[in-house]
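A short worksheet on the structure shown next.
In the working numbering, the protein residues as written are 987 to 1224.
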């Protein structure tokens, strides 16, 4: 929770006026906090919760860039709103962080590493194909893929009428007619890994993104999130 801040300091932070000029606006009755006119200079506000208006216009501090890593659980959609009233990944992030957007997508039944930010340039850097940011997935599939199937995944398969870019595909283990693959791709096409596996005859039973570029999911638990470090952000920006 943000610390309480003197109203005139908050107004100055928002770029409304200097602190001295802000004090004059307060004593003149031009400032409202949560729809109540405030005239006392000792008033304090919570920048994360209180709504401050000056002459009827809401004021906000300059937006800081926020970079979040979330371990997305299954059963959440990667959108801000859902037409079918399903839970969204933003339900897992505190509202005081401001308006964030997912970087790329993980479908409803998929889980794992998902980045969220309010930095449009950062999102473009990670999602545009020409930057070739790798994404790695642990994939549980039915059956045991042959070397021929793995080779096809590596060299590219046709999905939605277009061949996929070369990828990495490694058989990690297999048992009871199920296998775990580690697949790393450079693209971000719709349900790409599921469609790639289906193209070589193996249904995806579970899919978890474990890495994106230089970032690894690590021991972040399902449904939990953390801020990226400054070093991590710089590495992703390249």
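Using N, Cα and C, we set each Cβ at its ideal position, and we do this for glycine too.
- With respect to the 8 Å criterion, residue 1055 and residue 1175 are not classified as neighbours on the basis of their beta carbons.
- In this structure the segment 1053–1068 touches the segment 1084–1100; the number of beta carbon pairs closer than 8 Å is three or more.
- Within a 10 Å sphere around the beta-carbon of residue 1144 sit fewer than 16 other beta-carbons, which makes this residue exposed.
- The beta strand (DSSP E) runs lying completely inside the segment 995–1026 and spanning 3 residues or more are 1017–1019, given in chain order.
- Following the DSSP letters along the chain, one finds residue 1037 in no alpha helix (DSSP H), marked with neither H nor E.
- Across the structure, residue 1089 and residue 1067 are spaced so that their CA atoms are roughly 15 Å apart.
- Shortest Cα-Cα distance from residue 1202 to any of 998, 1123, 1049 involves 1123.
- Per DSSP, residue 1137 is one residue of the alpha helix (DSSP H) stretching across 1133–1141.
- Between the alpha carbons of residue 1204 and residue 991 lies a gap of roughly 37 Å.
- As a beta-bridge residue in DSSP terms, residue 1097 pairs with 1194.
- Bounds of the alpha helix (DSSP H) holding residue 1181 are 1178–1185.
- Per DSSP, residue 1062 lies in no alpha helix (DSSP H) and is assigned neither H nor E.
- Burial state of residue 1049 is exposed, judged by a 10 Å Cβ sphere holding fewer than 16 other Cβ atoms.
- In chain order, 1045, 1046, 1047 place their CB closer than 7 Å to the CB of residue 1000, counting only its own chain and leaving out the 5 sequence neighbours on each side.
- Taking C-beta atoms under 8 Å as the contact rule, residue 1013 and residue 1051 fail to qualify, at a distance of about 35 Å.
- Residue range 1154–1161 is occupied by the beta strand (DSSP E) that includes residue 1159.
- Proximity of the segment 1081–1088 to the segment 1153–1173 falls short of the contact definition, fewer than three beta-carbon pairs being nearer than 8 Å.
- DSSP places residue 1124 in the uninterrupted beta strand (DSSP E) bounded by 1121–1128.
- Taking all protein chains shown into account, residue 1178 has 16 or more neighbouring C-beta atoms within 10 Å of its C-beta and is therefore buried.
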